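Residue numbers (this note's numbering), protein chains in the order written: chain B, 1039 to 1362; chain G, 1039 to 1362; chain F, 1039 to 1362; chain R, 1039 to 1362. We put the beta carbon where it would ideally sit given N, CA and C, even for glycine. The structure presented is a predicted model; accordingly, all values stated were derived computationally and were not measured.
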């Protein structure tokens, strides 16, 4: 049976590039584009696809709210891997359009935020037109170029309301656009992290270079707060690599914490820390243990290896049996 | 001289409603709409306006990245007050358009995220068209209605690409639109917090019900990390009400922390905690002390009042003078 | 076979009173007096006695160094129970001796420290003569009274160098002395805590009102120090009831910590905390889990019961099996 | 006017050796021996002496309870300096007495505890006779030797009840005794720390290599306990070198903490930490800031120097004046 992978489409998005880099999504697998992260994850929950590639964190813009929130509620899903994609923007237009002709620029609002510096210098008069994705901006221009009917952005009919698109180089090529400028991102080293999400089941085996993602909900009667949650990791020598506070949507100031830590749930130290959090939190939502994209071995606090835990457990068992 | 207040416009946005609620922006003050948070704050830095009202946190969507980032870098600005605005969405259209006629809906992406549940139930086939703000979606429809030329969205010419707008009730009224549905937000109690930002200078006096906002940058050689930063507040009995991690934009995983705590920089406990953070952080950016919108007195840890600090300081001074 | 209990003798010491209160030391058991705590514990290690009653903590003088140190090194021993004995001192003398006749007072140095206030008021001129125990002071006077040879203190021959003894009421009776004054302790509510020590083996079952005693040796390379050790207890909701720092005898400033906490090594929270300490300490010496003398149920941090741990473990096992 | 120094006498004690090493107690100063630490400190409080040298900590036996307690209550006194004295024990006897003749050994109980190993090997049959000090044991033997009347221990008349004394080499010489064995301490590197105590007033100036001693009393309603006290030091980068728990004498389990930390009360970080403790403790008793005997510069946490504090204070003052 063919494995089906959903992703935040259309083709040409950075997410589609992340899926290109996912080995299991290669030969023989089917790719299904969705118009939003939520739609891709809903299809995954419904069993329409077997995995979904979605953005989770951008080195410039931070966490991707739609993904964090869609993972934090609803039927359980788990991350089984991650992919890092360098974010390279181009300004693309139909053939014959020069930079001087550009009066309006279409792109996704996150992309627009990352090219503002360049725009202020090179196209200070250009009007910004939001689109659903960087790739859809390119697609809109490309469709017009090719004279296709009914493909002028998802929004409907008529000529596009912009002359140029900010998108990935691949999207420009895909839609037959010319590149007016390359490398127009304000931060040349920008990177987006994507995760491959699946329904719970087979878990990637520990590799020694793993990450684990959880969402922590505090108890209302819980005075110590975030400090106490972080101490559960610290007491077991566990290093945290990402912390996002996200509103629980119930009232202003009610937050949960989306956290990445180094290590695998099968590691002793992580199992014990999660047990501690399970006890003191209102809820702990486990979002998977998976190999790091950069293959960098986990930082482990002194004497917090599995062997250290095993030695300590053996000692306690001896004491409990009446030894000393 | 007339005081000038910038805000995230156009008229009819939730931000314009926040400005309506700001006493000093009443009679005799001038209001200047900007197309983005960044533009409003740039004008403030340049001295073109004297204050700027911008959104900083939404009870459903979380922190407003554009505002957090614009405050965290560039010339110093400080928050001098906050306003809470309940977020009430309506679906608005030109007269004669009924719900059954709606094929495309325009609004800002944050608003769209907050009405998805309602849309899935009542307009499952409707296409989403992103706009620059909720008010600009209403304005676009209204302009067409009134037959005005050149006002069809900021993006250019032609008929609008959507039949209905998700916006505030005030925006619908302002632009002469009919209301197709009210209270369509998925979270009925959603609230957005706005802040009035100014250039450093006169600081609001302590009221006993104040907040202070800072951005904390960790040192690279700083192992203890976030835990150690939070302990600086805890050791002085200070309560934290918001924590956002924001990428420093330099590399994946390099974060700073945007933090709100209860209290005023003129309070002893807060002065001492900020001194502690100043010492251990690479940078502490002070973003103002200002009265809480809800006038709720600060939670103060036991024995952390100004009187407690004064008594302790008097004691130390006695010791240093040779007493015991 | 007869069970043999060693104790810090001779008869009439507060330790002998503690042994009186120990049920298993009643009918059919044999009592063996030793001249020092060290001698009693050595006999226990050698198998000459089956248990030893020794003082460990006094509400006025603090920890009993000889006991703490003898337990902390050498072959392992464990505490299997504790007894609290109110410390009531009398001033006793041979018949015919009145208060006005007393020129020198014999007693153990710890007892002397606890009656100084009374002495300063009632016998300001009296000279202090140290003896090996409070009971031996009484015995010395009694032996003279009875004309027995060779019983004049352990030290040798001749007339005693004091006219009155500070001792327990029982010791005065035992040796036929008159009581010149009662209740002469400066702290009327003084209490000494005694422990019944045994070789490792059968451990008292958990009662819900237990204590556990451990000695913690820090690693030399261990910067966090005591704070980090205490956090291992705090992270599992464990309450500490005694902390004594004791020199490791290797160099000035090298300390280990003798600690009592509430709970039993068979309690989940304590097992996990001890494992944590085992990992980060150079050595953890387990000195037993035993019922509290006062039968007061253990204070347990919120959500740190065995049931809480069991629920958390079940959850982790589910996750590890591929659940979420 | 002659400066008078009290000390724990008689001549020949280790305390008298510590006083020998105190420069100000040299030429022209008067030395006054006292029979106990308490007597010496009472005389100091009464103004009968200007300073008192007393033992506070031994590398083998730990804290000296009598000193810790006498400093912790009563009229305030402060430590103004410290002296380290290596503890070298000899076995001394009258001329003509050989090791084989020794049947009973007199010494202070703390000294006896430190020579037990040697005694078990070389004089396993010897009886122990407690004396008021190591020097008084030597004095007793010496007096007999010299045929002086009335000098046979403080306790009264008659022949001494022991044949040999464990004491400092100086005490043996002083009293004309022969040395039967040298270096008989079980720990060859044993050291005792003495402190020079004075009434509050002139404080030693900071040297960069200072210690500060305080006694901390917890509030009864104070859940966090010791952990919270230690965090006040940790939050300011202060290193602790000694922690002794001492009973407050009110009830079993009620403790205060006697603490030495590195630094001077005139150091910014220490002033701030003491202020924090003053706020959260029921009482903080300051026992002085004084130069370390070993002249080792204080370990200061990163960015906790006076310059770091001054920079942070200047920054806060700028903020409070309306800067940012």
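Residue i classed as buried or exposed, judged by whether at least 16 other C-beta atoms fall within 10 angstroms
{"i": "residue 1313(G)", "result": "buried"}
{"i": "residue 1227(B)", "result": "exposed"}
{"i": "residue 1332(G)", "result": "exposed"}
{"i": "residue 1190(B)", "result": "In this prediction, residue 1190(B) has a pLDDT of 39, which is less than 50 and means its spatial position is unreliable; what the coordinates show is noted afterwards. It counts as buried."}
{"i": "residue 1334(R)", "result": "exposed"}
{"i": "residue 1113(F)", "result": "exposed"}
{"i": "residue 1186(B)", "result": "Because the pLDDT at residue 1186(B) is just 45, under 50, the model does not fix this residue reliably, and the value given afterwards should be weighed accordingly. Looking at its Cβ environment, which holds fewer than 16 other Cβ atoms inside 10 Å, residue 1186(B) is exposed."}
{"i": "residue 1111(R)", "result": "exposed"}
{"i": "residue 1051(B)", "result": "buried"}
Residue i versus the options, residue with shortest Cα-Cα distance
{"i": "residue 1070(F)", "options": "1139(F), 1110(F), 1041(F)", "result": "1041(F)"}
{"i": "residue 1359(F)", "options": "1180(B), 1049(B), 1326(B)", "result": "1326(B)"}
{"i": "residue 1064(B)", "options": "1074(B), 1292(B), 1043(B), 1149(B)", "result": "1043(B)"}
{"i": "residue 1306(G)", "options": "1109(G), 1157(G), 1039(G), 1347(G)", "result": "1347(G)"}
{"i": "residue 1257(R)", "options": "1341(G), 1160(G), 1060(G), 1075(G)", "result": "1341(G)"}
{"i": "residue 1243(R)", "options": "1119(R), 1051(R), 1224(R)", "result": "1119(R)"}
{"i": "residue 1287(R)", "options": "1103(R), 1198(R), 1278(R)", "result": "1103(R)"}
{"i": "residue 1229(R)", "options": "1223(R), 1352(R), 1096(R)", "result": "1096(R)"}
{"i": "residue 1241(B)", "options": "1328(B), 1163(B), 1223(B), 1051(B)", "result": "1328(B)"}
{"i": "residue 1138(G)", "options": "1163(G), 1298(G), 1263(G)", "result": "1163(G)"}
{"i": "residue 1220(B)", "options": "1067(B), 1265(B), 1066(B), 1160(B)", "result": "1160(B)"}
{"i": "residue 1148(B)", "options": "1060(B), 1061(B), 1101(B)", "result": "1101(B)"}
Residues of its chain near residue i, where Cβ-Cβ distance is below 7 Å and the 5 sequence neighbours each way are ignored
{"i": "residue 1311(B)", "result": "1270, 1271, 1274, 1276"}
{"i": "residue 1049(G)", "result": "1071, 1173, 1212"}
{"i": "residue 1285(R)", "result": "1292, 1293"}
Residue i versus residue j - alpha carbon distance
{"i": "residue 1145(B)", "j": "residue 1267(R)", "result": "55 Å"}
{"i": "residue 1094(R)", "j": "residue 1300(R)", "result": "17 Å"}
{"i": "residue 1350(B)", "j": "residue 1317(F)", "result": "6 Å"}
{"i": "residue 1248(G)", "j": "residue 1123(G)", "result": "18 Å"}
{"i": "residue 1193(B)", "j": "residue 1217(B)", "result": "Reliability fails at residue 1193(B), whose pLDDT of 41 lies under 50, so the model's placement of it is uncertain and the value that follows must be treated cautiously. About 24 Å."}
{"i": "residue 1344(F)", "j": "residue 1319(F)", "result": "25 Å"}
{"i": "residue 1130(G)", "j": "residue 1115(B)", "result": "36 Å"}
{"i": "residue 1125(F)", "j": "residue 1168(R)", "result": "22 Å"}
{"i": "residue 1141(G)", "j": "residue 1157(G)", "result": "11 Å"}
{"i": "residue 1047(R)", "j": "residue 1171(R)", "result": "8 Å"}
{"i": "residue 1292(F)", "j": "residue 1354(B)", "result": "26 Å"}
{"i": "residue 1294(G)", "j": "residue 1076(R)", "result": "56 Å"}
{"i": "residue 1363(R)", "j": "residue 1279(F)", "result": "In the structure as shown, chain R starts at 1039 and stops at 1362, and residue 1363(R) therefore has no counterpart that could be examined."}
CB of residue i within 7 Å of CB of residue j, strictly
{"i": "residue 1143(R)", "j": "residue 1072(R)", "result": "no"}
{"i": "residue 1106(B)", "j": "residue 1296(B)", "result": "yes"}
{"i": "residue 1236(B)", "j": "residue 1089(B)", "result": "yes"}
{"i": "residue 1250(R)", "j": "residue 1308(R)", "result": "yes"}
{"i": "residue 1204(R)", "j": "residue 1153(R)", "result": "yes"}
{"i": "residue 1303(R)", "j": "residue 1254(R)", "result": "no"}
{"i": "residue 1132(G)", "j": "residue 1079(G)", "result": "no"}
{"i": "residue 1176(G)", "j": "residue 1151(G)", "result": "no"}
{"i": "residue 1121(F)", "j": "residue 1207(F)", "result": "no"}
{"i": "residue 1361(B)", "j": "residue 1238(F)", "result": "yes"}
{"i": "residue 1324(B)", "j": "residue 1357(F)", "result": "yes"}
Cut-off 6 Å between Cβ atoms - residues of its own chain near residue i, not counting five sequence neighbours on either side
{"i": "residue 1091(B)", "result": "1045, 1053, 1056, 1057, 1232, 1234"}
Spatial neighbours of residue i in its chain, beta-carbon cut-off 8 Å, leaving aside the 5 residues before and after
{"i": "residue 1135(B)", "result": "1201, 1202, 1216, 1218"}
Any non-hydrogen atom of the ligand GDP within 6 Å of residue i CB
{"i": "residue 1057(F)", "result": "Within the structure as shown, the ligand GDP is missing, as the structure has no ligands at all."}
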